[in-house]
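Colleague: Protein chains in written order, with this note's numbering: chain A, 138 to 390; chain S, 353 to 785.
My questions will all concern the structure given below.
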């Protein structure tokens, strides 16, 4: 589904990603872990097409298409979804209208008829239950004045509405208490099928107790330095990142 | 370039020669105008706004001050058929096409010249020219020199009008640069409630220049909702003052929407002469091409415990320019004043610009005043967020600009006018959700 080959990216001349390789197949959950500043969020942003980052080398293939050739909106319409680490507050844009136009722009791109108001509402009600999000939140301006937990639930709600093939969760667990974390994870698990995939970017192992990954990768200094199963995450939890840093720094020296 | 002096002089002499109750007032103002001339850009208050350059020998002032009923009906805003309707043609009040739909017991609309000589003469004497205390420039005096073409509106004590008052300013520009000078004097008596809306129409496809003065006095417990809607087209030049006095504790609320024009200058004054007065001033300038829109506002707090809130927003596309100058005076005795002011600008066009200047003069020591201004581009983070959900860059931009603009439109109280303004803004921003 997603093939990342030797991806290199920089921001303002500073190289952040120094050759990432990753292959995600349908139905798989991959976790990217790593210490602060290792490039985790950069990877998520580059995949979604944020223009602040310049891709300086490598290839990105998604469902057989060259992602680097696609605008952020076309990547989304092809089925890529980024749950933001910091969802943006947008006063004056109603959450419901925003989601409705996102859903219908995607349908149009895929050659489908737009959902009418009744269909959309039915769909919305169903997905609202999934992330235990309240109607009153959705009639407000997008993320405006939402708590941290409400913003993250709204991200997962949008994901549910857009039904992506690949969802990237960028530190979705940061700033969430354990109850909110459970709700978010539960939403993700219910949306999981044999056809769609997840890339879970996180600093902590905690989230992976709820969203159980098939593969865990450790990102450090812009490279994937270790890959393994969920046991690797457990090991990191116990030993911290320092042991990997030490090993890798020694290898590089 | 020839200037307009001779044309103005000829027109003045022609109409003032006819005498009438305002002849003396007009002569004084003509003399004042002759002394002061038109404001040049070296005049601090006019530094961005070259209105003087529009006064050329192409000005057309005379005649043609007529319009058929049929032609008028085509111009009426949808859903406002029941409104009290005041029609100005080329800056002259046209009584025959104006209609009063509320009862004569509660509202009186008549020529200003008539009011200056009948039972309303006292009000006229006190209030006509009151705005000159704040705008003692030649352009205001020039309007006053032609005041006899104006209208007088009185809303009687305790009346709540069933219908809004809509003023249609129609300029016939088919014979050259049409110069219009509407004059409006409004007497809102105790506890009366009024919606007053002004809108401008350029008929004929040529250039126009309008120099307007509106003076409103509201007594205690009155409520005024005022809207100025400017969408006359790119060949319009406009300079106007709306001067609102609160002579008793009351509520006055103004929304100024500017969507097009060549040079547009709006002065808006709120003069808070009584304790516990409340005023609101909202503005939206949504500009493109080479339009320059210049909003100058004044809130003058003379008495304690007054509240004023002001929010102006601008979106500048292409090579357009937005100017905002907001003065707040808090006089020595105006303790416990609450005065808030905010001006926000988004530059969309490569060559667009914005100039913003808050001016606070506070002489009392126990007041709450705040002001803030921003000039920036569209928020890139917000744009990316929307695009990452599959919304095209173009639609994302529309959505964000619309969201920015719409909270000003929502301040319009009259539902029909609000819907109309919403539609104009949505069309301009290609917003269709």
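Glycine included, every Cβ here is placed at the ideal spot set by N, Cα and C.
Residues in the region 332-362 of chain A with C-beta within 8 angstroms of chain S's C-beta atoms, listed in sequence order?
Modeller: Cβ contacts with chain S: none found.
Colleague: Please identify the residue among 238/A, 190/A and 165/A whose C-alpha is closest to the C-alpha of residue 138/A.
Modeller: Nearest of 238/A, 190/A and 165/A to residue 138/A, Cα basis: 165/A.
Colleague: Which whole-angstrom value describes the C-beta separation of residue 359/S and residue 438/S, a residue pair presumed to lie in contact below a C-beta threshold of 8 angstroms?
Modeller: Residue 359/S to residue 438/S, Cβ: 27 angstroms. No contact.
Colleague: Would you call residue 380/A buried or exposed, if buried means 16 or more other Cβ atoms sit within 10 Å of its Cβ?
Modeller: Exposed: under 16 other Cβ atoms inside 10 Å.
Colleague: Could you compute how far the alpha carbon of residue 440/S sits from the alpha carbon of residue 522/S?
Modeller: Their backbone Cα atoms lie some 6 angstroms apart in a straight line.
Colleague: When you compare each of 718/S, 690/S and 675/S to residue 725/S by their alpha carbons, which one comes out closest?
Modeller: Nearest C-alpha to residue 725/S: 675/S.
Colleague: Could you name the residues of the same chain whose beta carbon sits closer than 7 angstroms to that of residue 353/S, not counting the 5 residues immediately before and after it, in chain order?
Modeller: Bear in mind that the predicted position of residue 353/S carries a pLDDT of just 41, short of 50, making it unreliable; the figure below should be weighed with that in mind. The residues are 408.
Colleague: Below 8 angstroms CB to CB, which residues in the same chain sit around residue 156/A once its five sequence neighbours on both sides are set aside?
Modeller: For residue 156/A, where only same-chain residues beyond five positions count, the Cβ hits under 8 angstroms are 143, 144, 145, 194, 195, 359 and 360.
Colleague: Which same chain residues end up closer than 7 angstroms to residue 385/S when comparing Cβ atoms and leaving out the 5 residues on each side of it in sequence?
Modeller: 490, 493, 494 and 497, listed in sequence order.
Colleague: Report yes if the CB atom of residue 178/A is closer than 8 angstroms to the CB atom of residue 190/A, and no otherwise.
Modeller: No, these two residues do not count as a Cβ contact at 8 angstroms.
Colleague: Can you give me the C-alpha to C-alpha distance between residue 377/S and residue 500/S, rounded to a whole angstrom?
Modeller: Whole-angstrom Cα-Cα distance: 10 angstroms.
Colleague: Would you say residue 742/S reaches chain A, if we count a Cβ-Cβ gap shorter than 8 angstroms as a contact?
Modeller: True, the Cβ-Cβ gap to chain A drops below 8 angstroms.
Colleague: Give me the subset of the region 282-301 of chain A whose CB atoms are less than 9 angstroms from a CB atom of chain S, sorted by chain position.
Modeller: From the region 282-301 of chain A, only 295 and 299 have a Cβ closer than 9 angstroms to chain S.
Colleague: Check whether the region 459-468 of chain S touches the region 571-582 of chain S, counting contact only when three or more Cβ pairs, one atom from each stretch, lie closer than 8 angstroms.
Modeller: Not touching, per the Cβ criterion.
Colleague: Might you give, ordered along the chain, the residues of its own chain that have their beta carbon closer than 6 angstroms to the beta carbon of residue 281/A, omitting 5 neighbours on each side?
Modeller: Contacts found: 226 and 228.
Colleague: Run through DSSP, which three-state label would residue 221/A get?
Modeller: Coil, per DSSP.
Colleague: Please classify residue 539/S as buried or exposed, where buried requires at least 16 neighbouring CB atoms within 10 angstroms.
Modeller: With 16 or more Cβ atoms within 10 Å of its Cβ, residue 539/S is classed as buried.
Colleague: Are residue 625/S and residue 654/S closer than 8 angstroms when you measure CB to CB?
Modeller: Yes; because the gap between Cβ atoms is below 8 angstroms, this pair is in contact.
Colleague: Per DSSP, what kind of secondary structure is residue 277/A in: helix, strand or coil?
Modeller: Here residue 277/A sits in coil by DSSP.
Colleague: Mind checking who residue 521/S pairs with in its DSSP beta bridge?
Modeller: Looking at the DSSP assignment, residue 521/S forms a beta bridge with 440/S and 552/S.
Colleague: Could you tell me which residues DSSP puts in a beta bridge with residue 168/A?
Modeller: According to DSSP, residue 168/A bridges with 337/A and 353/A.
Colleague: Can you give the Cα-Cα distance for residue 367/A and residue 175/A, rounded to whole angstroms?
Modeller: Whole-angstrom Cα-Cα distance: 20 angstroms.
Colleague: Run through the DSSP bridge pairs and tell me what residue 632/S is partnered with.
Modeller: DSSP output for residue 632/S lists 605/S and 661/S as bridge partner(s).
Colleague: In the DSSP assignment, find the alpha helix (DSSP H) that holds residue 387/S and state where it starts and stops.
Modeller: Element bounds for residue 387/S: 375-388.
Colleague: Give the list of continuous alpha helix (DSSP H) stretches no shorter than 4 residues that lie fully inside the region 200-268 of chain A.
Modeller: 209-215, 232-246 and 254-267, all fully within the region 200-268 of chain A.
Colleague: Residue 737/S versus chain A: which residues are under 8 angstroms apart at the beta carbon?
Modeller: Neighbours of residue 737/S on chain A, chain order: 221, 224, 225 and 227.
Colleague: Along the chain, where does the beta strand (DSSP E) that runs through residue 512/S open and close?
Modeller: First-last for residue 512/S: undefined, no H or E at that position.
Colleague: Roughly how many whole angstroms lie between the Cα atoms of residue 237/A and residue 741/S?
Modeller: Each residue's alpha carbon lies about 11 angstroms from the other.
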